[in-house]
């Protein structure tokens, strides 16, 4: 099918971009977070930035905000070169940012959170609390929300916190307002109100950068859309001249296959069975089974409830109703000990905080799960510990100068191998891996993938959570897609396409079916083959 | 999630309610109760001379607590204040010994600059080393004390060696209040104003509440924390000069162990040990409470042994009250939110 990528709309010559970034890059050690950050925001426009998780959007936002300094490229604000060394400088240049995660001060009052650092002054240059309260109340009136300016921020719901962030940004009277997924926690009414405010700001001449995974919102609100993928700028479109499928295609389109070699493994009996798992407010009606030798991917956007399901299965978090069984035996809820005894291993998303004890040696980390089997009369023999660690490090080819070095000295990929080794040493039946290759360079990524494929070949069932679509499409035998706490699609590896997964993940597939165009039809036909 | 109320009646807590949920109120209440009970048992507790002694005893502690509160609010702590106080107090004696005719004001200025310099060492180490202030200032506590010990040796300066006018600061009164107590009150009011009504003062609360958010928000965290340590050192220096005026002798051991009393006073006064909340006034009241307990126990002839235990109980009580209050508040907010859904 043809991609409707029309040429970049030429900005009216009279308008200097409020902000323009071209070819900016940013690396963290070996990880390239942003390879080509390019965006142009005109005054009086609402500009959308879309891309998969990990496409580099948040890094780009942090460059605009002055949190990170770019390593290359050209950055102009109001036509003048900008080099922000810190957040204050970005703010002084008229850029105001609402982050994905609200960053309020829990001990301060709501009013003070809005005005911190620029509280209105009254007599003798002292802060006038009355004036501060009045202005905060005014802002909330504009936004139409009843929040007490005098209460402390601690204990506010995420939605209310987000609204306070918005009030803060509005009160700054910025030329450029950046909103990184501001609607994730808001209800329909609140979103509508936010849009009204955003449009009013645009009409007053502010440039707004809007980041969202919800296509309806992007198409409803924004004038132009910039697409990013793998840390690179792909294309900018006029919203009026582009369709959802074309955008999705650009977000995910790339060469698949080679990087992710899942070999066919013999599919055996059911290892894990999850029935009607429910946790109020997090996920509901989760049913699935995983067979021996099978890799099942749990896909979806960040916040869809994937990690929460995995944590409930492994017993870290409690759930309200439903059951989890391994090999036909029901597991006790909320008991990781029981889960480990039943043969589940869990490789968490944040390996530095949850997967490893960074200051301990490679040996100690690998043998953490073996404390009981290595011990005689409660005392662990150092010799047997080293031998066991040595064996697993070799099998997984962990590259380290010495087994006694702290694991913090290893690269991300090797750290991940240590986490895997730790669980493989327990001889698991089921391995849950949450974002197995996050923050790992490409070479080691392939090694981790080969390893997972190899494990499946030996009859281990694998539940993989991943935000990287190519990884999901390349590795998984089956894909479960989650959206807002529910499984919205189950796709076999042969008929899954990036578009179908993205549509199920953004909840836009139902809508698309209703207003399908020829182009969309062709995607579905393609998918059906 | 809150829903839309069409009338947009913004809920507002009234001043009355805010007064009774303030952290300082229970401490002030405890202080008043303590004085009342002691007075009933022994009316001489509030005789003019005894009242003056109570105030004198509290004075230095109040200044130290106010200084410490500045640092604790930023989620740091300065354990070296006892040694700073000792160095400055001994330094004061030395200065008078060398220049007996030196103007008093100059001595105060020197003392505060000296204390500020020592505080800046703490501040620079804390902001550059990324190691908890607890550890850094524990280190400087020993270093400063070591310097004092080798400087002072067995030398002691007695109040008789100082100019008479200097000692009189702790004797003379203005409408019944000792001069040095008036200095402490002025300091407390000034710092309290700064902390509640000056932007950089509010920044200190923001930093203590969430240092990462503060950085993200563009607050110069390092600079503010450094200034807090310098201010703490300077005020501790002031307390050191007053110590030399108030007490009979200063030497190598002056101020030993006082840092824990100071931290205790601040915590009892309702300043959260992890920063972000509490007030200077609360810390000052906490200091008065702790020093009054000593006097009260003497007046009621309770064994002095109990004094320490009671201070301990007060610290735990302050923390428990704080936890209970904040838990109750959170629960109430949750209930409200549930109603609004």
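Chains as they are written, first to last, in my numbering: chain A, 27 to 555; chain B, 9 to 349. Note that CB positions come from ideal geometry on N, CA and C, so glycine has one too.
Which chain B residues sit within Cβ distance under 9 Å of residue 85 of chain A?
-> In chain order: nothing, as chain B lies at least about 14 Å away.
Given residue 308 of chain A, which residues of its chain have a CB within under 7 Å of its CB, disregarding the five upstream and five downstream residues?
-> Its chain contains 331, 334, 511 as the residues whose beta carbon lies nearer than 7 Å to that of residue 308 of chain A, once the 5 sequence neighbours on both sides are disregarded; these appear in chain order.
Between residue 320 of chain A and chain B, is there a C-beta pair that is closer than 7 Å?
-> No, residue 320 of chain A does not count as interfacial toward chain B.
Across which residues does DSSP place residue 492 of chain A in a beta bridge pair?
-> None; residue 492 of chain A has no bridge partner.
Hey, would you say residue 294 of chain A sits closer than 7 Å to residue 311 of chain A, going by beta carbons?
-> No; because the gap between Cβ atoms is not below 7 Å, this pair is not in contact.
Cβ neighbours of residue 163 of chain A in the same chain (closer than 6 Å, five flanking residues each side left out) = Taken in chain order, the residues that qualify are 175.
Examine chain B for any beta-carbon lying closer than 7 Å to the beta-carbon of residue 100 of chain A, and answer yes or no.
-> So no, residue 100 of chain A is outside the interface.
Indicate whether the contact test is met: 3 or more Cβ pairs, each with one atom in the stretch 107-116 of chain B and one in the stretch 281-290 of chain B, closer than 8 Å.
-> Look at the beta carbons and you see the stretch 107-116 of chain B not touching the stretch 281-290 of chain B: under three pairs across the two are nearer than 8 Å.
Give a yes or no on whether the minimum CB-CB distance between residue 221 of chain A and chain B is below 7 Å.
-> Answer no: the Cβ-Cβ gap between residue 221 of chain A and chain B never drops below 7 Å.
Which ranges would you report for the alpha helix (DSSP H) in the stretch 65-112 of chain A if only whole runs of at least 4 residues count?
-> Qualifying alpha helix (DSSP H) stretches, in chain order: 83-91.
Would you call residue 114 of chain B buried or exposed, if buried means 16 or more other Cβ atoms sit within 10 Å of its Cβ?
-> Exposed.
With 16 other Cβ atoms within 10 Å as the buried cut-off, status of residue 402 of chain A = The residue is exposed, with fewer than 16 neighbouring Cβ atoms inside 10 Å.
Counterpart residues of residue 299 of chain A in DSSP-defined beta bridges = Residue 299 of chain A is bridged to A:315, A:351.
Residue 9 of chain B (DSSP reduced to helix, strand or coil) = Confidence at residue 9 of chain B is low in this model, with a pLDDT of 38, below 50, so its placement is unreliable and the value that follows should be read with caution. Residue state, collapsed to three classes: coil.
Using 8 Å as the threshold, is the stretch 508-522 of chain A in touch with the stretch 265-276 of chain A, meaning 3 or more CB pairs across them?
-> Segments in contact, no.
Straight-line Cα distance separating residue 474 of chain A from residue 457 of chain A | Looking at the two C-alpha atoms, the distance is approximately 14 Å.
Closest by CA to residue 231 of chain B, which one among B:56, B:97, B:167, B:130?
-> In this structure, B:130 is the residue among B:56, B:97, B:167, B:130 with its C-alpha nearest to the C-alpha of residue 231 of chain B.
Give a yes or no on whether the C-beta atoms belonging to residue 491 of chain A and residue 327 of chain A are separated by under 7 Å.
-> No.
Using three-state DSSP, classify residue 83 of chain B as helix, strand or coil.
-> Residue 83 of chain B: coil per DSSP, three-state reduction.
Quick one: residues in its chain with C-beta nearer than 6 Å to the C-beta of residue 277 of chain B, no 5 flanking neighbours on either side, listed in chain order?
-> The residues are 35, 290, 291, 293, 294.
Residues of the stretch 190-204 of chain B with Cβ closer than 8 Å to any Cβ of chain A, in chain order | Against chain A - using a Cβ distance shorter than 8 Å - the residues of the stretch 190-204 of chain B are 201, 204.
Euclidean distance between Cα positions of residue 97 of chain A and residue 109 of chain A | Straight-line Cα distance between these residues: approximately 11 Å.
By Cβ distance below 6 Å, which residues in the same chain neighbour residue 17 of chain A in space, the five residues on each side in sequence not counted?
-> Given a span of 27 to 555 for chain A in the structure shown, any question on residue 17 of chain A remains unanswerable.
Whole-angstrom Cβ separation of residue 143 of chain A and residue 116 of chain A, contact assumed at under 8 Å?
-> Taking a contact as a CB-CB distance under 8 Å, the pair residue 143 of chain A and residue 116 of chain A does not count as one, their CB atoms being some 14 Å apart.
Element boundaries [alpha helix (DSSP H), containing residue 390 of chain A] | That run of the alpha helix (DSSP H) goes 388-392.
Ends of the beta strand (DSSP E) at residue 517 of chain A?
-> Unbroken beta strand (DSSP E) run through residue 517 of chain A: 512-518.
Against chain B: residues of the stretch 135-161 of chain A by CB proximity under 7 Å | Residues are counted here when their Cβ sits less than 7 Å from a Cβ of chain B; for the stretch 135-161 of chain A these are 138, 142, 143, 145, 152, 153, given in chain order.
Is any heavy atom of the ligand MG found at a distance shorter than 6 Å from the C-beta of residue 446 of chain A?
-> With respect to small molecules bound, the structure shown includes none, and the ligand MG cannot be examined in it.
Taking a Cβ distance cut-off of 9 Å, strictly less, list which residues of the stretch 224-251 of chain B are near chain D, in chain order.
-> Note that chain D does not occur in the displayed structure, where the protein chains are A and B.
How would you list, in chain order, the residues of chain A whose beta-carbon sits under 8 Å from the beta-carbon of residue 221 of chain B?
-> Residues of chain A passing the Cβ test: 129, 130, 131.
Within this structure, are the beta carbons of residue 249 of chain B and residue 116 of chain B separated by less than 7 Å?
-> Yes; because the gap between Cβ atoms is below 7 Å, this pair is in contact.
So, is residue 263 of chain A buried or exposed, given that buried needs 16 or more other C-beta atoms within 10 angstroms?
-> Classified as buried, residue 263 of chain A has 16 or more neighbouring CB atoms from the shown chains inside 10 Å of its CB.
For residue 309 of chain B and chain A, any beta-carbon pair shorter than 7 Å?
-> Not closer than 7 Å to any Cβ of chain A, the Cβ of residue 309 of chain B fails to qualify, so no.
Starting from the C-beta of residue 50 of chain B, find all residues in its chain whose C-beta is less than 7 Å away, skip the five residues before and the five after it, and write them out in chain order.
-> Excluding sequence neighbours, residue 50 of chain B sits near 307, 308.
Does the stretch 222-232 of chain A come within contact of the stretch 65-80 of chain A, defined as at least 3 CB pairs closer than 8 Å?
-> Yes, the stretch 222-232 of chain A is in contact with the stretch 65-80 of chain A.
Compare the C-beta of residue 113 of chain A with all C-beta atoms of chain B and state if any pair is closer than 7 Å.
-> It does; some Cβ of chain B falls within 7 Å.
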